[in-house]
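Asks:
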Amino acid sequence: MAQKLIIFDTTLRDGEQAAGTRLGAREKLEIARQLARLKVDVIEAGFPASSPEDFNAVKLICENLKTVTVCGLTRAITKDIDICGKAIAKAKRARIHTGVGVSDIHIKGKFGSAKYGKTIAQKKVNILKMAVKAVKRARNYTDDVEFYAEDSGRANRKFLYEILEAVVDAGATTLNIPDTTGYAIPEQYGQLIADIKANVPNIKKAIISVHCHNDLGMAVANTLAGVKNGARQIEGTINGIGERAGNAAIEEVVMAIKTRKDFFDIETKIVTPQFYRTSRMVADMLGVPVPINKAIVGDNAFAHSSGIHVDGVLKKRETYEIMKPSDVGSPKSKVVLTARTGRHGLKHRLEELGYKLTKAELEKTYKRFIEIADKKNEVFDEDITAIISDEIHAVEHTYKLQYLHVACGTGTLPTASVRIETKGKFTQAAACGDGPIDAAYQAIRDATGLSPKLESYSIRAVTSGKEALGEATVKITANGILFVGRGVSTDIIEASAKAYVDAINRMVAAKKKSKK
Ligand code: KIV
Ligand code: ZN
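Heads up: the sequence shown at position 127 corresponds to 107 in the numbering used here, and the numbers run straight through without jumps.
#1: Considering only C-alpha positions, which residue in the set Lys208, Ala211, Pro158, Val207 is nearest to Asn194?
#2: Would you mind working out which of Glu24, Ala(-2), Phe35, Leu3 sits nearest Phe(-12), comparing C-alpha positions?
#3: Which residues bound the beta strand (DSSP E) around Val277?
#4: Since Thr239 and Ala229 are thought to touch, with beta carbons under 8 Å apart, how far apart are those beta carbons, to the nearest angstrom?
#5: Going by C-alpha distance, which of Thr248, Asp354, Glu343 is nearest Leu18?
#6: Going by alpha carbons, who is nearest to Thr365 out of Arg212, Val200, Leu337, Gly309?
#7: How would you write the range of the alpha helix (DSSP H) that Glu215 sits in, first residue to last?
#8: Closer than 6 Å: is that where the CB of Asp195 sits relative to any heavy atom of the ligand ZN?
#9: From Ala475, Ile461, Thr470, pick the residue whose C-alpha is nearest to that of Ala452; which is it?
#10: May I ask which residues mark the beginning and end of the alpha helix (DSSP H) holding Asp149?
#11: Is Glu351 near the ligand KIV, with its Cβ less than 6 Å from a heavy atom?
#12: Taking the runs of the beta strand (DSSP E) that are 3 residues or longer, which of them lie wholly in the segment 228 to 279?
#13: If you run the structure through DSSP and keep just helix, strand and coil, what is Asn202?
#14: Of the residues Thr318, Tyr128, Ile250, Ser30, which one's Cα is nearest the Cα of Glu145?
#15: Could you tell me the alpha carbon to alpha carbon distance between Thr154 and Ala12, rounded to whole angstroms?
#16: Taking 6 Å as the line, does the beta carbon of Asp131 fall inside it for any heavy atom of the ligand ZN?
#17: Hey, how far is the Cα of Lys208 from the Cα of Ser436?
#18: Cβ of Asp(-6) versus every heavy atom of the ligand ZN: is any distance shorter than 6 Å?
#19: Taking 8 Å as the cut-off, does the segment 35 to 43 touch the segment 91 to 102 (at least 3 CB pairs, one atom from each stretch)?
#20: In angstroms, rounded to a whole number, what distance separates the CA positions of Ala5 and Asn120?
#21: Whole angstroms is fine: what's the gap from Arg320's alpha carbon to Ser286's?
#22: Could you pull out every residue in the same chain whose Cβ sits closer than 7 Å to the Cβ of Ala479, ignoring the five residues on either side in sequence?
#23: Helix or strand or just coil, what does DSSP make of Tyr128?
#24: So, with DSSP's three-state summary, where would you put Cys412?
#25: Per DSSP, which residues does Cys42 bridge with? Please list them.
#26: Specify the secondary structure class of Glu(-4) as computed by DSSP and reduced to three states.
#27: Taking only three categories from DSSP, how would you classify Thr321?
#28: For the alpha helix (DSSP H) holding Thr58, just list the boundary residues, first then last.
#29: In angstroms, rounded to a whole number, what distance separates the CA positions of Cys388 and Ile372?
#30: Taking buried to mean at least 16 other C-beta atoms within 10 Å of its own C-beta, is Arg440 buried or exposed?
#31: Going straight from the alpha carbon of Ile187 to that of Arg212, what length do you get?
#32: On the DSSP bridge assignment, give the partners of Asp(-11) in chain order.
#33: Cβ of Thr78 versus every heavy atom of the ligand MG: is any distance shorter than 6 Å?
#34: Could you give the C-beta distance for Asp363 and Ile350, rounded to a whole number, given that I count them as a contact under 8 Å?
#35: Does the distance from the CB of Thr390 to the CB of Cys412 come in under 7 Å?
#36: Looking at the unbroken beta strand (DSSP E) that takes in Phe349, where does it start and where does it end?
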């Protein structure tokens, strides 16, 4: 049976340390709830001694989440540990994560004062004592104590083995081996984990955890090298957010392990279809958008655009996809339409939009499509439907908006009246709605006697300044076929009404054509 890998999420601690971001306790709780749905094993919720907000966040998450281990970070200082102990007091399962810098660079830089010893050798003796004392203190609050040997990636090996052995004897159950500065190379980091397994005599009493930073873009690769060499806990953040270039992205590590189970032969409890949602929540709350080409959760992670790829993926998905979008909860694979998209890709998208064209119609549409694609990076569904409207469904305007009056304001019920001309006859109607546009649309439906399903409505400014033109785009469907209407005016309600009437005209024209 495959062994289990523990997933330790530090989005709310190391992730939140990312420049320019700060979360309140309520926001942290929201993210923690989502992380629990994702089924991470441990949530590092903050550094309680660092601020009252962090203390409250850790406390709130401990009080509310009972299915996951909640962890608080501390330095190897009694005061920090006692504060953390208070924050986690009400947790069902709690961990204290304490530790100290172990590389010579950290020791000289952070423990330069003579009170820690005059020589580096004396300082190491004192640091080891501090580490042991901290672990013992933390054990007063919980049996689950993790020790971090900060900057392990650059530490002197002899001292590293010594301090790890001592803290395990003091009661640490997990040993975190951070590559704090993202300095390691995968082979080296993997070897470091293997060497710790071979050289720390009591290592079997603890779980080795890997915590990698991305300064050289190798956080995920280093993490995986650690797992391959015996680490059984990984630490990372959603979207790889974190200090400087960030931490290992949990979604990438987990999907690599899942997709390449043949290589890693290890399992996690993660509910991977929750990744996309978690990623977007973290991005929105921290205000750090997900790059479109981000592995696993980026908007283009399952998008295909070149003719050869589109053709291949439409024939057999596996030709160019190693995971299914549903595996990570991403909206389904999409074909991005560009000048490189072939006829096959365009035809597929047309069919998805409900259009079945003859060969000659497809050719006509493709020619126009290429003209547009040469001018734009990406051709959107709205552009396609506009091409179809112009080239294939060039329409006679059965209904014309003659008159529109809308009354709305604070404390009044939005009402609209319209007059529609059709074949020289006029029909009037008035209606109320949730807002002025809703009222106008209802009046148009009453006047035309048609009620297609409104799929979406959007408005954008096509020029700037006070006199800006608003362009409304309305999508309606009838019998599964999509019709897009557009309307432009400096008055956005008029633009919206025109767009709706335009979409209705296109629908009526298509119906007439199909009857011929
Ligand atoms: O990168 C690091 O070393 C850390 C420790 C505090 C665990 O984040
Ligand atoms: Zn870190």
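Beta carbons are placed, not taken as given, at the ideal position from N, Cα and C, and that holds for glycine.
In this text the structure is predicted, and so the values were computed from the model without any measurement.
Replies: So, from the listed chains and residues:
#1: If you number the sequence shown from 1, residue 194 lands on position 214. Nearest C-alpha to Asn194: Pro158.
#2: Looking up residue -12 in the sequence shown gives position 8. Sorting Glu24, Ala(-2), Phe35, Leu3 by C-alpha distance to the C-alpha of Phe(-12) places Glu24 at the top.
#3: As a position in the sequence shown, residue 277 is number 297, starting the count at 1. Neither: Val277 is in no beta strand (DSSP E) and is coded neither H nor E.
#4: For the purposes of this step, residue 239 is taken as residue 259 along the sequence shown, with counting starting at 1. For the purposes of this step, residue 229 is taken as residue 249 along the sequence shown, with counting starting at 1. Between Ala229 and Thr239 the Cβ distance is about 14 Å, and since that is not below 8 Å, they are no contact.
#5: Numbered from its first residue, the sequence shown carries residue 18 at position 38. Among Thr248, Asp354, Glu343, the Cα nearest to that of Leu18 is on Thr248.
#6: Position 385 of the sequence shown, counting from 1, holds the residue named residue 365. Among Arg212, Val200, Leu337, Gly309, the Cα nearest to that of Thr365 belongs to Leu337.
#7: For the purposes of this step, residue 215 is taken as residue 235 along the sequence shown, with counting starting at 1. That residue, Glu215, is in no alpha helix (DSSP H); its beta strand (DSSP E) goes 213 to 216.
#8: The residue given as residue 195 occupies position 215 in the sequence shown. Because no heavy atom of the ligand ZN lies under 6 Å away, the Cβ of Asp195 does not count as near it: no.
#9: Numbered from 1 along the sequence shown, position 472 holds the residue referred to as residue 452. Out of Ala475, Ile461, Thr470, Ala475 has the C-alpha closest to the C-alpha of Ala452.
#10: If you number the sequence shown from 1, residue 149 lands on position 169. Its alpha helix (DSSP H) spans residues 137 to 150.
#11: Numbered from 1 along the sequence shown, position 371 holds the residue referred to as residue 351. Because no heavy atom of the ligand KIV lies under 6 Å away, the Cβ of Glu351 does not count as near it: no.
#12: Along the segment 228 to 279, the beta strand (DSSP E) does not occur as any fully enclosed run of 3 or more residues.
#13: By 1-based counting over the sequence shown, the position of residue 202 is 222. Helix, per DSSP.
#14: Counted from its first residue, the sequence shown places residue 145 at position 165. Considering only alpha carbons, the answer is Tyr128.
#15: By 1-based counting over the sequence shown, the position of residue 154 is 174. By 1-based counting over the sequence shown, the position of residue 12 is 32. Separation of Thr154 and Ala12 (C-alpha to C-alpha, rounded to the nearest whole angstrom) is 22 Å.
#16: Residue numbering aside, residue 131 sits at position 151 when the sequence shown is read from its first letter. Asp131: no, Cβ never under 6 Å from the ligand ZN.
#17: Within the sequence shown, residue 208 is the residue found at index 228, counting from 1. Within the sequence shown, residue 436 is the residue found at index 456, counting from 1. Roughly 49 Å between the two C-alpha positions.
#18: To locate residue -6, count along the sequence shown from 1; it is residue 14. Short note on Asp(-6): C-beta closer than 6 Å to some heavy atom of the ligand ZN.
#19: Short answer: they don't touch.
#20: By one-based count along the sequence shown, residue 5 stands at place 25. By one-based count along the sequence shown, residue 120 stands at place 140. The straight-line gap from Cα to Cα measures roughly 26 Å.
#21: Here residue 320 corresponds to residue number 340 of the sequence shown, with the count starting at 1. Here residue 286 corresponds to residue number 306 of the sequence shown, with the count starting at 1. Between Arg320 and Ser286, the C-alpha separation is close to 5 Å.
#22: Residue 479 sits at position 499 when you count from the first residue of the sequence shown. Taking C-beta separations shorter than 7 Å and ignoring five residues to either side along the sequence, the partners of Ala479 in its chain run Ala452, Thr453, Val454, Gly465, Arg466, Gly467, following chain order.
#23: The residue you call residue 128 lines up with position 148 of the sequence shown. Strand, per DSSP.
#24: Position 432 of the sequence shown, counted from the start, is the residue given in the question as residue 412. Strand at Cys412.
#25: By one-based count along the sequence shown, residue 42 stands at place 62. DSSP, once it has assigned bridges, lists no residue as partnering Cys42.
#26: Translated into positions along the sequence shown, residue -4 becomes position 16. Coil at Glu(-4), not helix or strand.
#27: Taking the first residue of the sequence shown as position 1, residue 321 is located at position 341. Under the three-state reduction of DSSP, Thr321 is assigned to coil, being neither helix nor strand.
#28: Reading the sequence shown from its first residue, position 78 is the one you call residue 58. Where Thr58 is concerned, the enclosing alpha helix (DSSP H) stretches over 58 to 67.
#29: Here residue 388 refers to the residue found at position 408 of the sequence shown. Here residue 372 refers to the residue found at position 392 of the sequence shown. The C-alpha of Ile372 is placed about 39 Å away from the C-alpha of Cys388.
#30: As a working mapping, residue 440 is identified with position 460 in the sequence shown. Its Cβ having fewer than 16 others within 10 Å, Arg440 is exposed.
#31: On the sequence shown, residue 187 is found 207 positions in, with the first residue counted as 1. On the sequence shown, residue 212 is found 232 positions in, with the first residue counted as 1. Going by the C-alpha atoms only, they are around 6 Å apart.
#32: To locate residue -11, count along the sequence shown from 1; it is residue 9. Answer is Ile23, Gly216.
#33: Ligands displayed in this structure: the ligand KIV and the ligand ZN; the ligand MG is not among them.
#34: For the purposes of this step, residue 363 is identified with residue 383 of the sequence shown, where counting begins at 1. For the purposes of this step, residue 350 is identified with residue 370 of the sequence shown, where counting begins at 1. Contact flag wrong, Cβ pair sits at about 12 Å.
#35: For the purposes of this step, residue 390 is identified with residue 410 of the sequence shown, where counting begins at 1. For the purposes of this step, residue 412 is identified with residue 432 of the sequence shown, where counting begins at 1. Not in contact: Thr390 and Cys412 (Cβ atoms no closer than 7 Å).
#36: Against the sequence shown, residue 349 aligns to sequence position 369. From DSSP, Phe349 is part of no beta strand (DSSP E) but of the alpha helix (DSSP H) over 339 to 355.
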